[in-house]
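Numbering (our numbering), first residue to last: 31 to 262. Even glycine gets a Cβ: it sits at the ideal position worked out from N, Cα and C. Keep in mind it's a predicted model, so treat the numbers as computed, not measured.
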Amino acid sequence: MNPPPSATPDPAGRRMRQRPVLLWTGSIATLLLAFLISAVLISNGGLVAGDAALHTWSLEHRPPAAQSIARAVTDTGTSLWPYLITFLAGALTGATWRTRLIRGGAGLGILLAGQGIRVAVMTIIARPRPPQSDWATHASGFSMPSGHTTTSAITAGLVCWALAHSVHRTLIRCLRTLAVTWAVCVALTRVYLGVHWMSDILTGWLLATACLTFLIAALGPLEQKTAPPTGF
């Protein structure tokens, strides 16, 4: 017996109904981002609450073994890995080669757009990094927002978005938890290794949230056109 229409999975329709929530979330993240950036600009690129304390704590709690682990984790938040993960996560949700390419390309487009916005914001703020003598890894460019943080957060968000197509609830929970945990760890290693202030991390998370929610909401019509009949 065929299931009634109301019981048939409709991932695209569900996300279209979630569009107002995405837009509200993006708006709130944008307001908080503007507030945090304003606080930094008002202080002429100086520190905000918590920056100095967390930086000092990191300097005082960095044994060699912990530094090595932190460097290994932080390295996963850059290079080609986030882009490859993003493309594969989107592609795996497609029902045909065409929809796989479209979804993988859409994920890459969101990640690249987020990177472009991040670079523009970073250039405008031009916030100096912590003193180079405190660094325990290589870094370049201005400090706010953190590039590793923004990249890993957008990547994790896109993985969670792609997994929304899956009908395997246990798989969704495990992989989403893994993706979010990875992104948080990458972000926190930037403070631990002394190359970013904590407010750089918060700015990266807020920017990633705004980019993800607005751009995914804008992809709603594409979701309807390319949605597979069932999840993987």
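Starting from residue i, follow the alpha helix (DSSP H) in both directions and report where the run begins and ends.
i	result
residue 77	Looking at the DSSP string, residue 77 is not in any alpha helix (DSSP H), and its letter there is neither H nor E.
residue 98	94-105
residue 164	No alpha helix (DSSP H) contains residue 164, which DSSP labels as neither H nor E.
residue 116	111-121
residue 149	127-155
residue 212	199-222
Using the Cα positions of residue i and residue j, report the straight-line distance between them to the nearest angstrom.
i	j	result
residue 98	residue 218	14 Å
residue 261	residue 160	Confidence is the limiting factor: at residue 261 the pLDDT is only 42, short of 50, which leaves the residue's position unreliable and the question unanswerable from this model.
residue 131	residue 105	27 Å
residue 120	residue 171	30 Å
residue 182	residue 213	5 Å
residue 186	residue 209	5 Å
residue 190	residue 202	8 Å
residue 101	residue 220	9 Å
residue 113	residue 148	16 Å
residue 199	residue 206	11 Å
residue 237	residue 67	11 Å
residue 143	residue 241	8 Å
residue 162	residue 215	22 Å
Once DSSP output is grouped into helix, strand and coil, what is the label at residue i?
i	result
residue 174	coil
residue 227	coil
residue 249	coil
residue 159	coil
residue 243	helix
residue 85	helix
residue 56	helix
residue 186	helix
Would you mind sorting residue i into buried or exposed? The rule is 16 or more other CB atoms within 10 Å of its CB.
i	result
residue 117	buried
residue 224	buried
residue 175	buried
residue 226	buried
residue 54	exposed
residue 173	buried
residue 109	exposed
residue 150	exposed
Among residues of its own chain, excluding the 5 on either side of residue i, which ones have a beta-carbon nearer than 7 Å to its beta-carbon?
i	result
residue 78	69, 70, 229
residue 166	92, 97, 223, 224
residue 152	171, 172, 174, 175
Skipping 5 residues on each side, what residues in its chain have a beta carbon closer than 6 Å to that of residue i?
i	result
residue 235	183
residue 244	56
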